[in-house]
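All the letters of the sequence shown, read from the start, carry residue numbers 5 to 119 under the working numbering.
Notes follow the structure.
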Amino acid sequence: MAYGEGLVERVRAVAPRGVTAAFDAAGRGALEASVELVADRDRIGTVVDYPAAERLGVRGLRAPRTAARLTELVRLWEAGGLRLEVAEALPLGRVAEAHRLVGGGHVRGKVVLTA
Numbered sequence: 005m006a007y008g009e010g011l012v013e014r015v016r017a018v019a020p021r022g023v024t025a026a027f028d029a030a031g032r033g034a035l036e037a038s039v040e041l042v043a044d045r046d047r048i049g050t051v052v053d054y055p056a057a058e059r060l061g062v063r064g065l066r067a068p069r070t071a072a073r074l075t076e077l078v079r080l081w082e083a084g085g086l087r088l089e090v091a092e093a094l095p096l097g098r099v100a101e102a103h104r105l106v107g108g109g110h111v112r113g114k115v116v117l118t119a
């Protein structure tokens, strides 16, 4: 579903019985829309927009950032249990282009800068 203006109305059109929970992994106003759509703010969470989560009284979902967690993620990656989609790999000299891609919000996957 497309984000942006009219999101609440589009969601209501496809879910006329209502929405019981929302998970934001996109940002760009999705939390504000979620607050309009979900009655229980305890059932709304984000992994990207922590300032909005605090402002709106919804959950900011974070995993601990520790060396042990990084080691666990590397093991999971090596075992094939973690999939990372790379949308674009660009040399460091094209950092402005990478920033524009990410800022546009239409990238599926990660934008990686290479040396």
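Here a beta-carbon is modelled for each residue, glycine too, at the ideal position from N, C-alpha and C.
Closest by C-alpha distance to Gly33, out of Ala102, Gly109 and Val99, is Gly109. The distance from the Cβ of Val42 to that of Ala29 is about 15 Å, inconsistent with a contact at the 8 Å cut-off. Taken through DSSP and simplified to helix, strand or coil, Gly107 comes out as helix.
In this structure, Ala91 lies near Val115, with their beta-carbon atoms less than 9 Å apart. The alpha carbon of Glu58 has as its nearest neighbour, out of Arg69, Gly107 and Asp46, the alpha carbon of Asp46.
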